[in-house]
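Peer 1:
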Amino acid sequence: MIAVGAAALAWLGTSLVVSSDGRRGLAAGTAIVTLGMAILALESSGIVAASAIAIGGGVAAARRLASGAVGWDILPPGSTPRLVLCIAAAILAFWVAAGVASGPGAPLRFSVMLVIGLAGARVLASGDTPVLLTAAALLALAVGLGAGLSLDPTTLWPYVAGGLVAAVVVWLPPRSVRAA
Numbered sequence: 004m005i006a007v008g009a010a011a012l013a014w015l016g017t018s019l020v021v022s023s024d025g026r027r028g029l030a031a032g033t034a035i036v037t038l039g040m041a042i043l044a045l046e047s048s049g050i051v052a053a054s055a056i057a058i059g060g061g062v063a064a065a066r067r068l069a070s071g072a073v074g075w076d077i078l079p080p081g082s083t084p085r086l087v088l089c090i091a092a093a094i095l096a097f098w099v100a101a102g103v104a105s106g107p108g109a110p111l112r113f114s115v116m117l118v119i120g121l122a123g124a125r126v127l128a129s130g131d132t133p134v135l136l137t138a139a140a141l142l143a144l145a146v147g148l149g150a151g152l153s154l155d156p157t158t159l160w161p162y163v164a165g166g167l168v169a170a171v172v173v174w175l176p177p178r179s180v181r182a183a
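With positions in the sequence shown counted from 1, the corresponding number in my numbering is that position plus 3.
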């Protein structure tokens, strides 16, 4: 039951990142996703994996809180398609995780599919650098968490690599747009 709650946290946090443009909304979404993923990593692979995910996501959330557009800016005008995407992705990921690929670890599969899908869509749909870097950090965490889907969940390096990439990617400098 705890894993189902953690998967719901991953969906809620990712939906918050997808539906907000302000730094507070992005930071809160990143923190919520990180909490859900760390709980899933703890359940599947232990304390080291959970710590790697938690530290990487925590650094990403803290950095996002310090830079980006001011405020929450949740569901700005024109964001209805993003809200529909979050709901449809949750339904599809739940169906795949619970129905098509039944067995143990369904919440982990749900979370990985959902975060990769929604964060990937956010990367493709936004041109704002803080939003792109936040979504890239979530992608790194989800790929690291996806290591728990392997046959040997005691392998810890993907969790550490995902956490490290998530912590570093948010520090990339924003690009400057220059028109000739």
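Glycine included, each C-beta is placed from N, C-alpha and C at the ideal position.
1) Measuring alpha carbon to alpha carbon, tell me which of VAL168, LEU135 and LEU117 ends up nearest ALA9.
2) Are the CB atoms of ARG26 and ALA63 nearer to each other than 8 Å?
3) Is SER129 helix, strand or coil by DSSP?
4) Rounded to the nearest angstrom, how far is the Cβ of PRO210 from that of THR132, given a contact under 8 Å?
5) Just to confirm before moving on: does the CB-CB distance between GLY165 and LEU141 stay below 8 Å?
6) So what does DSSP say about SER70, is it helix, strand or coil?
7) Have a look at ARG67 and SER153 and give me their C-alpha separation to the nearest angstrom.
8) So SER48 and GLY151 are in contact, right, with Cβ under 8 Å, and what is the actual spacing, rounded?
9) Can you tell me whether DSSP reads SER82 as helix, strand or coil?
10) Please determine if the stretch 49 to 57 and the stretch 7 to 23 are in contact, where contact requires at least 3 C-beta pairs separated by less than 8 Å.
11) On a CA-only basis, which of LEU78, VAL115 and ILE77 is nearest LEU95? Give me that one, please.
12) For SER23, which of helix, strand or coil comes out of DSSP?
13) Please check the pair THR37 and LEU121, which I expect to be a contact at CB under 8 Å, by giving their CB distance rounded to whole angstroms.
14) Below 8 Å on the Cβ atoms is my guess for ALA6 versus PRO161; work out the distance and round it to an integer in Å.
15) Roughly how many angstroms lie between the CA atoms of LEU15 and LEU78, to the nearest whole one?
16) Using a 10 Å radius around the Cβ and a threshold of 16 neighbouring Cβ atoms, would you call ALA143 buried or exposed?
17) Quick check: the Cα distance between ALA92 and VAL163, rounded to an integer number of angstroms?
Peer 2: Considering the structure as presented:
1) Numbered from its first residue, the sequence shown carries residue 9 at position 6. Ranking VAL168, LEU135 and LEU117 by CA distance to the CA of ALA9 puts LEU117 first.
2) Start at 1 with the first residue of the sequence shown, and residue 26 comes out as number 23. Start at 1 with the first residue of the sequence shown, and residue 63 comes out as number 60. Taking 8 Å as the cut-off, the Cβ atoms of ARG26 and ALA63 do not count as close.
3) Position 126 of the sequence shown, counted from the first residue, corresponds to residue 129. SER129 falls in the coil class under three-state DSSP.
4) Because the chain in this structure spans residues 4 to 183, residue 210 falls outside the shown range and cannot be described.
5) By 1-based counting over the sequence shown, the position of residue 165 is 162. By 1-based counting over the sequence shown, the position of residue 141 is 138. At a Cβ-Cβ threshold of 8 Å, GLY165 and LEU141 do not count as neighbours.
6) The count along the sequence shown starts at 1 and reaches residue 70 at position 67. SER70 carries a coil assignment under DSSP once its states are collapsed to helix, strand and coil.
7) By 1-based counting over the sequence shown, the position of residue 67 is 64. By 1-based counting over the sequence shown, the position of residue 153 is 150. Near 31 Å, if we compare the C-alpha coordinates of SER153 and ARG67.
8) Translated into positions along the sequence shown, residue 48 becomes position 45. Translated into positions along the sequence shown, residue 151 becomes position 148. Between SER48 and GLY151, the beta carbon gap of about 5 Å places them in contact (Cβ cut-off 8 Å).
9) Stepping through the sequence shown from its first residue, residue 82 is reached at position 79. Three-state DSSP puts SER82 in coil, outside helix and strand.
10) The stretch 49 to 57, when compared against the stretch 7 to 23, does not touch it at the 8 Å Cβ threshold.
11) Translated into the one-based positions of the sequence shown, residue 95 becomes position 92. In this structure, VAL115 is the residue among LEU78, VAL115 and ILE77 with its C-alpha nearest to the C-alpha of LEU95.
12) In the sequence shown, the residue the question calls residue 23 occupies position 20. Correct three-state label for SER23: strand.
13) Here the question's residue 37 lines up with position 34 in the sequence shown. Here the question's residue 121 lines up with position 118 in the sequence shown. Not quite, the Cβ-Cβ distance comes to about 15 Å (not below 8 Å), so this is no contact.
14) Position 3 of the sequence shown holds residue 6. Position 158 of the sequence shown holds residue 161. Actually they are not in contact, since the Cβ atoms of ALA6 and PRO161 sit about 19 Å apart, beyond 8 Å.
15) Translated into positions along the sequence shown, residue 15 becomes position 12. Translated into positions along the sequence shown, residue 78 becomes position 75. Annotation: LEU15 to LEU78 spans about 14 Å, alpha carbon to alpha carbon.
16) Numbered from 1 along the sequence shown, position 140 holds the residue referred to as residue 143. Here ALA143 is buried. Its C-beta has 16 or more other C-beta atoms within 10 Å.
17) By 1-based counting over the sequence shown, the position of residue 92 is 89. By 1-based counting over the sequence shown, the position of residue 163 is 160. ALA92 and VAL163 have their C-alpha atoms roughly 27 Å apart.
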